[in-house]
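Chains as they are written, first to last, in the numbering used here: chain A, 1 to 158; chain B, 1001 to 1188.
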C-alpha cells in the first residue's frame, strides 16, 4: 500500500490580544550572501486602507540578525517581539519583513486586538467595595460594642 | 572553493592562407532552416540577427546545462574545449568573460585571457584551455552569464564564440532570501 503524504503550509489561526500585549513571532527563511552581513527584521501589525498595506509603526518590533557568508542556501529560524501600542482595537494582519526589501511574509487578519481593561473599571469596583465597607463597618462595630457592653455589665454584676 | 564550468567551442580549422576571402560576402541572407533574416559580417565571419536595432551574433549564447553557485572570494575555473586540425598555431587568444547578457549584447564585467599555442594536428583533436576567475566583492547578482572565444594567432584562427546564459548563481553582498514564512505567534 502506498502512503501519500502531502506537506501543506500551516494556516495561522487568528488570536486575541489586548492593547499592551507583547507578541513573539517565530519566522524562518533561507538565504545566501557573499559576505558576513547584518540585516534588520521588523514585525508589525497592518491593515489595508484604500487597498494599501498600512503598517502600524507604533507597534513595530525590530531585531538584528547576523547572517554568515553562505553560497548555498542556509535556513534560519528566529523570533522577534513587538508590543501592541498606539493601536486601536480591531483586526490586523501580521507582517514580518526585511525593511527596504521585498523579503518578508504576512498573514491577513490574524491579530484581533481589543481594548485593555480601563484602570477606572477596576477602581470603580474597588471604590464600591470601600464604600460598602465604609457603610458596613460602623454597623458591625456598634453591634460588637453593644455585645461587649452587655458582657461587661454581666461580668461586673457577677 | 574552486568550481569548474566547461564550454565546448566545437570544431574549427585555421584560415586557409590566412587572408582568404570569406565564403560569404557581407549582406543579408535567409536562414534555410528557420526562414529568419540573418546578416553576415565578413570581418567577424559571423552571422547576426537584428533585434531592436542591435546586431546579435547568431546562436552563440545557449541555456546553461548546469548552474554553479558562487560567493565573493570563490574561484571559478572556466574550461573551453574544441577540436582542431591544421598547422601549428602560436599566440591564439583564448578569451573568457563573466557578465550580463541581454538585449544589447554581452556586458562584460570580468574578463581574462590566455595566449595559446596549438601543435599541428592532421585529424580533429581535442584541445582545452582554462582560466580561473576570483569572484570580487563588488559582484552583482545579475553577473550570471559567461562566454568564451578563441581568435587571432599565427596563422590566424577564425573567431569562435560560445556562451551560457544563467550559468551562475552569485551570492552578492546583499543577501538573497527565499521561503520566508511566519511559523507562529503568541503573547509573551
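Every residue gets a Cβ at the ideal spot worked out from N, C-alpha and C, and that includes glycine. If you're wondering where the values come from, they're calculated on a predicted model, not measured in any experiment.
Item: So that I know if they touch, is there some Cβ in chain A lying closer than 7 Å to that of residue 1172 of chain B?; Value: yes
Item: For the region 1173 to 1186 of chain B against the region 97 to 105 of chain A, are there 3 or more C-beta pairs whose distance is under 8 Å?; Value: yes
Item: Kindly indicate the opening and closing residues of the beta strand (DSSP E) around residue 43 of chain A.; Value: 37 to 49
Item: Let me know if residue 60 of chain A comes out buried or exposed under the rule of 16 or more other beta-carbons within 10 Å of its beta-carbon.; Value: buried
Item: What are the partner residues of residue 1160 of chain B, as DSSP defines its beta bridges?; Value: B:1150
Item: Can a CB atom of chain D be found closer than 7 Å to the CB of residue 1098 of chain B?; Value: Reference to chain D is not applicable here, since the protein chains of this structure are A and B.
Item: Would you check if the distance between the CB atom of residue 116 of chain A and the CB atom of residue 44 of chain A is smaller than 7 Å?; Value: no
Item: Please classify residue 128 of chain A as buried or exposed, where buried requires at least 16 neighbouring CB atoms within 10 angstroms.; Value: exposed
Item: Under the rule that 16 or more other beta-carbon atoms within 10 Å means buried, what is residue 34 of chain A, buried or exposed?; Value: buried
Item: Using a Cβ-Cβ distance under 7 Å, would residue 1145 of chain B count as near chain A?; Value: no
Item: If residue 80 of chain A sits next to residue 25 of chain A, beta carbons under 8 Å apart, how far is it from one beta carbon to the other, in whole angstroms?; Value: 6 Å
Item: Counting only C-beta atoms, is residue 59 of chain A closer than 7 Å to chain B at any point?; Value: no
Item: Report, in whole angstroms, the separation of the C-beta atoms of residue 56 of chain A and residue 87 of chain A, which I expect to be a contact under 8 Å.; Value: 5 Å
Item: Out of A:31, A:112, A:107 and A:82, point me to the one whose CA is closest to residue 162 of chain A's CA.; Value: Because chain A is modelled from 1 through 158, residue 162 of chain A falls outside the range shown and cannot be assessed.
Item: On the CB-based measure, 16 or more other CB atoms within 10 Å of its CB, does residue 22 of chain A come out buried or exposed?; Value: exposed
Item: Excluding the 5 residues flanking residue 1153 of chain B on each side, which residues of the same chain have their C-beta closer than 6 Å to its C-beta?; Value: 1089, 1091 and 1092
Item: Can a CB atom of chain A be found closer than 7 Å to the CB of residue 1068 of chain B?; Value: no
Item: Could you compute how far the alpha carbon of residue 72 of chain A sits from the alpha carbon of residue 1150 of chain B?; Value: 33 Å
Item: Can you tell me which of the three DSSP states residue 67 of chain A falls into?; Value: strand
Item: Using only the alpha-carbon positions, how far apart do residue 1081 of chain B and residue 1130 of chain B sit?; Value: 9 Å
Item: Between the C-alpha atoms of residue 142 of chain A and residue 135 of chain A, what's the straight-line distance to the nearest angstrom?; Value: 12 Å
Item: How many angstroms separate the CA atom of residue 27 of chain A from the CA atom of residue 51 of chain A?; Value: 26 Å
Item: Please list, in chain order, the chain A residues whose beta carbon lies closer than 9 Å to that of residue 1167 of chain B.; Value: Within chain A, no residue comes near residue 1167 of chain B; the closest Cβ sits about 15 Å away, beyond 9 Å.
Item: 7 Å is my cut-off, CB to CB: does residue 104 of chain A come that close to chain B?; Value: yes
Item: At the 7 Å Cβ level, is residue 55 of chain A part of the contact set with chain B, yes or no?; Value: no
Item: Taking the CB atoms as reference points, tell me whether residue 1048 of chain B and residue 1163 of chain B lie closer together than 7 Å.; Value: no
Item: Against chain A, with Cβ distances strictly below 7 Å, would residue 1156 of chain B count as a contact?; Value: no
Item: Please list the partners that residue 1183 of chain B has in chain A, where partner means a Cβ-to-Cβ separation under 8 Å.; Value: 10, 26, 27, 28 and 77
Item: Check for me: the beta strand (DSSP E) holding residue 1114 of chain B runs from which residue to which?; Value: 1105 to 1118
Item: Within a Cβ cutoff of 6 Å, which residues of the same chain sit near residue 183 of chain A, ignoring the five residues on either side of it in sequence?; Value: An answer regarding residue 183 of chain A cannot be provided, because it is not within the stretch 1 to 158 covered by chain A.
Item: Is residue 93 of chain A buried or exposed, if buried means 16 or more other CB atoms sit within 10 Å of its CB?; Value: buried
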